[in-house]
Amino acid sequence: MYITASSTISFQPTFRNKGFSDEISELNDESEILHPDYTDFIPKMKRRRMTDVLKMGITCAMDCLKQIDLEQPDSIIVGTSMGCNIFTKRFLDKINSSKGGLLSPTSFIVSTHNTIAGQISLLLSNHNYNMTHTQNSLSFEQALMDGMLCILEGGENILVGSSDENERELYNMVTRLNNKTLLSTYGASFFILSKEKKEKDNIKLVEAESFGLVEDRPKILTQFLNSNKTSVNDIDLVLYSNSVPETVNELIDIFPSKKLYDFQKITGTYLTNSGFAMNYGVDILTKGNHPSFEKNINRVLIYNNLIPENLGLILIEKNSD
Amino acid sequence: MKIFVTRIGVVSAIGLNVEENLASLISRQTGIKKSSQHNLMLGEVKLSDQSIIEKYNLPQKDYSRTTLLGLLAAKEAWGKNEINSTIKTGFISATSAGGMDKMEKYYTQFSQNENNSGTHPSLVFDNGGTTEVIAKELGLSGYIGTISTACSSGANAIMHGARLISAGKLDRVLVGGSDPIVQYNRKGFSSLNIYDEELCKPFDDSRKGLNLGEGGGFLLLENEESISKTGNTPLCILSGWNNSTDAFHQTASSANGKGATLSMQRALEKAKISHDKISYINAHGTGTSNNDLSESTAIQNVFGEKIPPFSSTKGFTGHTLAAAGAIEAVFSVQAILSNAILPSLNFSTAMSETGFIPETTFRIDANLEHVLSNSFGFGGNCTSLIFSKIQ
Numbered sequence: 038m039y040i041t042a043s044s045t046i047s048f049q050p051t052f053r054n055k056g057f058s059d060e061i062s063e064l065n066d067e068s069e070i071l072h073p074d075y076t077d078f079i080p081k082m083k084r085r086r087m088t089d090v091l092k093m094g095i096t097c098a099m100d101c102l103k104q105i106d107l108e109q110p111d112s113i114i115v116g117t118s119m120g121c122n123i124f125t126k127r128f129l130d131k132i133n134s135s136k137g138g139l140l141s142p143t144s145f146i147v148s149t150h151n152t153i154a155g156q157i158s159l160l161l162s163n164h165n166y167n168m169t170h171t172q173n174s175l176s177f178e179q180a181l182m183d184g185m186l187c188i189l190e191g192g193e194n195i196l197v198g199s200s201d202e203n204e205r206e207l208y209n210m211v212t213r214l215n216n217k218t219l220l221s222t223y224g225a226s227f228f229i230l231s232k233e234k235k236e237k238d239n240i241k242l243v244e245a246e247s248f249g250l251v252e253d254r255p256k257i258l259t260q261f262l263n264s265n266k267t268s269v270n271d272i273d274l275v276l277y278s279n280s281v282p283e284t285v286n287e288l289i290d291i292f293p294s295k296k297l298y299d300f301q302k303i304t305g306t307y308l309t310n311s312g313f314a315m316n317y318g319v320d321i322l323t324k325g326n327h328p329s330f331e332k333n334i335n336r337v338l339i340y341n342n343l344i345p346e347n348l349g350l351i352l353i354e355k356n357s358d
Numbered sequence: 017m018k019i020f021v022t023r024i025g026v027v028s029a030i031g032l033n034v035e036e037n038l039a040s041l042i043s044r045q046t047g048i049k050k051s052s053q054h055n056l057m058l059g060e061v062k063l064s065d066q067s068i069i070e071k072y073n074l075p076q077k078d079y080s081r082t083t084l085l086g087l088l089a090a091k092e093a094w095g096k097n098e099i100n101s102t103i104k105t106g107f108i109s110a111t112s113a114g115g116m117d118k119m120e121k122y123y124t125q126f127s128q129n130e131n132n133s134g135t136h137p138s139l140v141f142d143n144g145g146t147t148e149v150i151a152k153e154l155g156l157s158g159y160i161g162t163i164s165t166a167c168s169s170g171a172n173a174i175m176h177g178a179r180l181i182s183a184g185k186l187d188r189v190l191v192g193g194s195d196p197i198v199q200y201n202r203k204g205f206s207s208l209n210i211y212d213e214e215l216c217k218p219f220d221d222s223r224k225g226l227n228l229g230e231g232g233g234f235l236l237l238e239n240e241e242s243i244s245k246t247g248n249t250p251l252c253i254l255s256g257w258n259n260s261t262d263a264f265h266q267t268a269s270s271a272n273g274k275g276a277t278l279s280m281q282r283a284l285e286k287a288k289i290s291h292d293k294i295s296y297i298n299a300h301g302t303g304t305s306n307n308d309l310s311e312s313t314a315i316q317n318v319f320g321e322k323i324p325p326f327s328s329t330k331g332f333t334g335h336t337l338a339a340a341g342a343i344e345a346v347f348s349v350q351a352i353l354s355n356a357i358l359p360s361l362n363f364s365t366a367m368s369e370t371g372f373i374p375e376t377t378f379r380i381d382a383n384l385e386h387v388l389s390n391s392f393g394f395g396g397n398c399t400s401l402i403f404s405k406i407q
């Protein structure tokens, strides 16, 4: 199956900017989210009441549909670690300040994790499969796996993505990490998975898997590559995330270090940043080259090990048909 | 490929295990009571967090009640099953609240003290974290997932497990969900003016709203290969499933019941059975004016003139949100095993719009072959599951 559209809102000039992988640089403490002009994507009245997680997610979703001129996806699948956290806190604040008085339900009704996917269906009047996966750092991978299932089940075009909002000062605790060097960011990334390719250079999604509560990561990686008939040499670039040094030590034992790149340098850290990493991989593969990496990149592995015991693996490759 | 249900586990206001829940359904005994503390009708599980921790000898940690209720049901459903490297096993849980009970506690502490270095509210809120604790306790690893689509979450977790087995990703998967009663939802549903101050009356003309409940439900799904290794006895087949979207409003269901109509029709297509083969519908039936009318219209759309026996068991358990689809799936399996149509409680007058009369007694029906279970949630999320007797 193919990735026929992709869209990311992030701290980098990724949105509606094909070929962005050459232009972006490593983030620093001064980096800020680059919000696009949302007016083209979400009606004003609706937008006014939306928090970032909704605006970013919906906009990336709509952008993907525009890219391939698709009216209705066969499924809408979202991965989000914390969902509509800001609305949740807003309603908690209201409860705490109301002292038993009447409450407005406004923030309550949009605080469920599936509000992002639900709002996309509402804007599109889409009556199809609509799902939300919330497995902290593996939420995106599980959404992607679900999208792959939808294609296997006969779907033609599946909208899959992830969105998470600002948790800046909180991420260390949220992710059970204690790594002060990580830069907390947020963002959204959406894709369309299609059974058939739309353009000659569409990238293939070979496989996505999520593994929870793992102990032996190298063993899982080896099994993953074997089951996809891929050798270590076939992988031209490994985009990885981590919060403990063991992750990198294990990868260096398997891959030459020049093939390894810590994608958090460009995505920053949030629980669904592997969505951005996949788009980065897609962008590099589409061009086939990147000045910082080996020449002729044909196959990219996204190795998400942000939470040490959770491992997400995504394999994408250049279409050789 | 057939997906077998081989074990079930449930905890709700009407019992701490499968047996107790069935006994309450037979004797038409509700678990909903007026809580003097909250001055609300609530379907509370009669077991404190501390008792659950002691029961399983868990570490004295500040576990969310979502985890603890889920653990009770998951342990019952998992039983004496063992980890086996040749059986690809997964765990999928559903929750809408995540660790909301603990978030409420720490959020207040945190917001009152900027320098609080203790537990951060978002850490305990993490849905996936509540699932991981259960998985760890059962010794499971691999595909560990959480689904959160509000009140249809539990049914979606079951459906997702079935799809992962169908696709060959898993051989065996423990699926279900749990949610506790939390202040957040008590206040939230009250603010929507859909909370009945008396016992909820699903499908009654005078229904005023829902009562919140809490609990957990889990089912063990296996393919044939897994059963050949585990030796588990199949209870029934999960034969049909579908999730469709109403796309009408964030919280309200459409008058024409579009989403629910689609989910039922498509689940029937998946099960490859015609609508007249459905022996019993375990409806979503929350007792709100909007849901019960929309669901009735959808049932009419799918079944036409001949409506199968139907009921809502929410008068027993209250609306257990993300757990509802899982608890009611367990009840649907019990209906098949006991050849029984389950009762609705508190019904007296048919809705003027449809004249539908739900079943009000625990009625043995020898021909109970296919049970349809509906679960609908915010975001217009509609899921239907079909459980079938093993021929």
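Protein chains in written order, with the working numbering: chain Z, 38 to 358; chain V, 17 to 407.
Ideal placement from N, C-alpha and C gives every residue a C-beta, glycine not left out.
Predicted, not measured: the structure shown is a model, and the values here were computed from it.
Within chain Z, partners of residue i - CB distance below 9 angstroms
i	result
I160 (chain V)	Q172, L175, S247, F248, G249, L250 and N347
T370 (chain V)	Those within 9 angstroms of T370 (chain V) in chain Z number zero; the least Cβ separation is about 23 angstroms.
E148 (chain V)	Q172, N173, G249, L250, E346 and N347
Residue i to residue j span [Cα, whole Å]
i	j	result
V26 (chain V)	S354 (chain V)	16 angstroms
M168 (chain Z)	V115 (chain Z)	6 angstroms
N73 (chain V)	S174 (chain Z)	29 angstroms
T45 (chain Z)	N122 (chain Z)	20 angstroms
T146 (chain V)	N333 (chain Z)	43 angstroms
Q76 (chain V)	I68 (chain V)	11 angstroms
I240 (chain Z)	A340 (chain V)	40 angstroms
T284 (chain Z)	R336 (chain Z)	21 angstroms
K92 (chain Z)	C167 (chain V)	24 angstroms
K224 (chain V)	L215 (chain V)	9 angstroms
I289 (chain Z)	E63 (chain Z)	22 angstroms
N203 (chain Z)	Y223 (chain Z)	6 angstroms
D358 (chain Z)	F403 (chain V)	43 angstroms
S260 (chain V)	L58 (chain V)	30 angstroms
Q260 (chain Z)	G318 (chain Z)	22 angstroms
I406 (chain V)	Y166 (chain Z)	28 angstroms
A225 (chain Z)	T376 (chain V)	49 angstroms
I303 (chain Z)	I61 (chain Z)	7 angstroms
T212 (chain Z)	A39 (chain V)	Reliability of the predicted coordinates at T212 (chain Z) is poor, the pLDDT of 46 falling under 50, and the value obtained from them is presented with this limitation in mind. Spanning the two alpha carbons is a distance of roughly 43 angstroms.
E346 (chain Z)	L384 (chain V)	45 angstroms
Amino acids of chain A, ordered along the chain, whose beta-carbon sits closer than 8 angstroms to that of residue i
i	result
F394 (chain V)	Annotation note: the requested chain A is absent from the structure, which comprises protein chains Z and V.
Member of the options whose CA lies at the smallest distance from the CA of residue i
i	options	result
A299 (chain V)	V:S400, V:M175 and V:N317	V:S400
S144 (chain Z)	Z:S68, Z:S226 and Z:M87	Z:M87
G232 (chain V)	V:H54, V:Q45 and V:F347	V:F347
G320 (chain V)	V:G161, V:K185, V:N239 and V:T370	V:T370
Beta carbon proximity, residue i to chain Z, threshold 8 angstroms
i	result
G145 (chain V)	yes
E230 (chain V)	no
D117 (chain V)	no
Q350 (chain V)	no
E120 (chain V)	yes
Q18 (chain V)	It should be noted that the sequence gives Lys, not Gln, for residue 18 (chain V). For K18 (chain V), the answer is no, since every Cβ of chain Z falls outside 8 angstroms of its Cβ.
G86 (chain V)	no
N172 (chain V)	yes
K50 (chain V)	no
Q199 (chain V)	yes
I99 (chain V)	no
Contact list for residue i against chain V, beta-carbon separation under 9 angstroms
i	result
N286 (chain Z)	By Cβ distance, chain V contributes nothing, its closest Cβ being about 21 angstroms from N286 (chain Z), past 9 angstroms.
CB contact check: residue i to chain V, cutoff 8 angstroms
i	result
H164 (chain Z)	yes
I334 (chain Z)	no
F300 (chain Z)	no
I351 (chain Z)	no
I132 (chain Z)	yes
Within chain Z, partners of residue i - CB distance below 8 angstroms
i	result
L208 (chain V)	P142, F145 and I146
Closer than 7 angstroms: residue i CB and nearest the ligand FMN heavy atom
i	result
G31 (chain V)	Looking at this structure, you won't find the ligand FMN or any other ligand, since it has none at all.
Beta-carbon neighbours of residue i, restricted to chain Z and to distances below 7 angstroms
i	result
T124 (chain V)	N133
Neighbour list for residue i in chain V, Cβ cutoff strictly below 7 angstroms
i	result
T222 (chain Z)	Here the premise fails: no neighbours, minimum Cβ distance about 16 angstroms.
Task: Residues of the region 261 to 279 of chain V with Cβ closer than 9 angstroms to any Cβ of chain Z, in chain order - done: T261, D262, A263, F264, H265, Q266, T267, K274, G275 and L278
- [ ] Check each residue of the region 285 to 319 of chain V: if its Cβ is closer than 8 angstroms to any Cβ of chain Z, include it; give the result in chain order.
- [x] none
TODO: Select from the region 178 to 189 of chain Z all residues with a C-beta closer than 8 angstroms to any C-beta belonging to chain V, and list them in chain order.
DONE: Q179, M182, D183, L186 and L189
TODO: Return the residues of the region 271 to 283 of chain Z that lie within a Cβ-Cβ distance of less than 8 angstroms from chain V, sorted by chain order.
DONE: none
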